[in-house]
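Undergrad: One structure coming up, written as structure tokens, with questions to follow.
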Amino acid sequence: MIGRSLLLAGIGAAMGIAGPASAQTIEFVAGQLGGGWYTMSSGMAKMMQDKNPGLTIKVVPGGGTANPSKIQQGQSQLGMGLDIFSKMAREGTGVYAGRKHDKVVMIGQSFSDNYVHFIKAQNAPYTFEDVFKQKNVKIGVTKAGSSDEMTYRFVMEEYGQSYDKLRANGWKIVQGDYNELASSYKDGQVDYVFLVLGIPGAAVIDMGTGRKGELMTWPKTLSDTLVSKYGYSPATFPKATYPSFQNADVSAILMATTLMASSDLSDDIAYKVAKTLCENTAELPKIHASMDVYKCETAVKIQPVPVHPGAMKYYKEKGFGS
């Protein structure tokens, strides 16, 4: 019996579930290697560990649509997410139809805006509106389970396409992480790349060092459809974002980053996470420039999913919670 109790206590500590004060380890699921989320998660994890002795955070790769399920299954206790997919997961709608993720809660929101990029190489002939009608196109897309790839699916559907139909038309579709896609673009293995990143995205900057191109403007009909149908927000890439790919503002769509947590995460750790981020807001843009949009005062103003009680305790103490 004693051995079993010690085993259960160890499991609880490993998950960051409430228990005796001791060293605690939790898993933080990020984005794909080479992407902004992985950089952000690693930086935030280091900050949390530095400010909270005894807390260990293991950062692992993930993706925008897969991360809620990793939270729900108990594999990860913190995770990067997107407002629209976090809400879908919690409610069991959309791509999570019939599978309510009732353990998905949040620490806060708007740590970064995630812009949907569609880039074509300098000599690639087709525009955004035309490319899905063509044959023998070479395109790079992130792996399944990412918000990038799911958004790409939404776009294909709006143009009456699918992976099978495009491949039947001679399309070469390369799927990989951001580093792999950047290399494929620079090497000429793909002429188009579709991805979602905070700006400026390191992978996109890297792409521009080897091959010029164009960041394509989203057709208004398409962007309006995704905004109304799925909850994306209209966006604009400022002219100076990517000198290798644009010489003017470029219209697009975006999603807001939500820092998800498991409802099984202890109130103590959730409180510490919220407190650490709020008391070190000025340091966040040093981790990734896109994090300059985060404000503790408005972190829980919009709640696509419920706020973790431990985090809400901190916000209420500061007069930010409701």
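Residue numbering for the sequence shown follows the working numbering, starting at 743 and increasing by one per position.
Beta carbons: idealized from backbone N, C-alpha and C, even for Gly.
Everything numeric in this text was worked out from a predicted model, so none of it was measured.
(1) Do you know whose CA, among Phe853, Arg953 and Ala772, lies nearest Ala1031's CA?
(2) Where does Leu1124 fall in DSSP's three states?
(3) Where do the N-terminal and C-terminal ends of the beta strand (DSSP E) with Pro976 fall, by residue?
(4) Given a cut-off of 8 Å, decide if Gly943 and His859 are closer than it, judged by their beta-carbon atoms.
(5) What is the C-beta distance between Asp991 and Gly1052, in whole angstroms, given that I count them as a contact (C-beta under 8 Å)?
(6) Which same chain residues, not among the five before or five after Ala763, have their C-beta less than 6 Å away from its C-beta?
(7) Curious, which full-length alpha helix (DSSP H) runs of at least 4 residues does the segment 900-971 contain?
(8) Kindly give me the distance between the Cβ atoms of Ser975 and Leu996, rounded to whole angstroms, as I take these residues to be in contact under 8 Å.
(9) DSSP three-state call for Gly776: helix, strand or coil?
(10) Using the DSSP secondary-structure output, state which residues sit across from Gln766 in a beta bridge.
(11) Between Gly887 and Lys845, what straight-line distance do the alpha-carbon atoms span, to the nearest angstrom?
(12) CA-CA distance, Gln791 and Asn878?
(13) Less than 8 Å between CB atoms is the rule here; does Asp1006 satisfy it with respect to chain D?
(14) Return the chain-ordered list of same chain residues with a C-beta closer than 6 Å to the C-beta of Tyr1056, the five sequence neighbours on each side being excluded.
(15) Strictly by DSSP, which residues pair up with Gln851?
(16) Quick check on DSSP: helix, strand or coil for Leu824?
(17) Taking 8 Å as the threshold (C-beta atoms), are Lys907 and Lys880 in contact?
(18) Considering Val873, what are the terminal residues of the alpha helix (DSSP H) in which it resides?
(19) Measuring CB to CB, does Val801 end up less than 8 Å from Ser828?
(20) What residue from Tyr984, Lys1060, Gly902 and Gly773 has the CA that sits closest to Gly806's CA?
TA: On the basis of the supplied data:
(1) Sequence index remark: in the sequence shown, residue 1031 carries index 289 (1-based). Looking at the Cα atoms, Phe853 is the closest of the given residues.
(2) Absent from the structure is residue 1124, since the part of the chain shown begins at 743 and ends at 1064.
(3) Residue numbering aside, residue 976 sits at position 234 when the sequence shown is read from its first letter. Element bounds for Pro976: Ser975 to Phe979.
(4) Mapped onto the sequence shown, residue 859 falls at position 117. Mapped onto the sequence shown, residue 943 falls at position 201. Yes, the pair counts as a contact, with Cβ atoms nearer than the cut-off.
(5) For the purposes of this step, residue 991 is taken as residue 249 along the sequence shown, with counting starting at 1. For the purposes of this step, residue 1052 is taken as residue 310 along the sequence shown, with counting starting at 1. About 41 Å separates the two Cβ atoms, so there is no contact after all.
(6) Translated into positions along the sequence shown, residue 763 becomes position 21. Note that Ala763 has pLDDT 47, beneath the 50 cutoff, so the model's placement of it is unreliable and the number below is only indicative. For Ala763, where only same-chain residues beyond five positions count, there are no Cβ hits under 6 Å.
(7) 905-910, 920-928 and 944-952
(8) Here residue 975 refers to the residue found at position 233 of the sequence shown. Here residue 996 refers to the residue found at position 254 of the sequence shown. 5 Å between Cβ atoms; contact.
(9) The residue you call residue 776 lines up with position 34 of the sequence shown. Note: Gly776 maps to coil in three-state DSSP.
(10) What you label residue 766 is simply residue 24 of the sequence shown in a count that begins at 1. Answer is Leu797.
(11) The residue you call residue 887 lines up with position 145 of the sequence shown. The residue you call residue 845 lines up with position 103 of the sequence shown. Whole-angstrom Cα-Cα distance: 19 Å.
(12) Walking along the sequence shown from the start, residue 791 turns up at place 49. Walking along the sequence shown from the start, residue 878 turns up at place 136. Those two C-alpha atoms are separated by around 49 Å.
(13) No chain D is present in this structure, which holds just one protein chain.
(14) Taking the sequence shown and counting its residues from 1, the one referred to as residue 1056 is at position 314. Answer for Tyr1056: Tyr1013, Ala1016 and Lys1017, listed in chain order.
(15) In the sequence shown, the residue the question calls residue 851 occupies position 109. Its beta-bridge partners are Thr1000.
(16) Residue mapping note: residue 824 aligns to position 82 of the sequence shown, counting from 1. Leu824 falls in the strand class under three-state DSSP.
(17) Along the sequence shown, one-based indexing puts residue 880 at 138. Along the sequence shown, one-based indexing puts residue 907 at 165. It is not a contact, given that the beta carbons lie outside the stated cut-off.
(18) Looking up residue 873 in the sequence shown gives position 131. Note, Val873: alpha helix (DSSP H), Phe870 to Val873.
(19) Locating residue 801 in the sequence shown gives position 59, where the first residue counts as 1. Locating residue 828 in the sequence shown gives position 86, where the first residue counts as 1. Not closer than 8 Å, so no.
(20) Start at 1 with the first residue of the sequence shown, and residue 806 comes out as number 64. Among Tyr984, Lys1060, Gly902 and Gly773, the Cα nearest to that of Gly806 is on Gly773.
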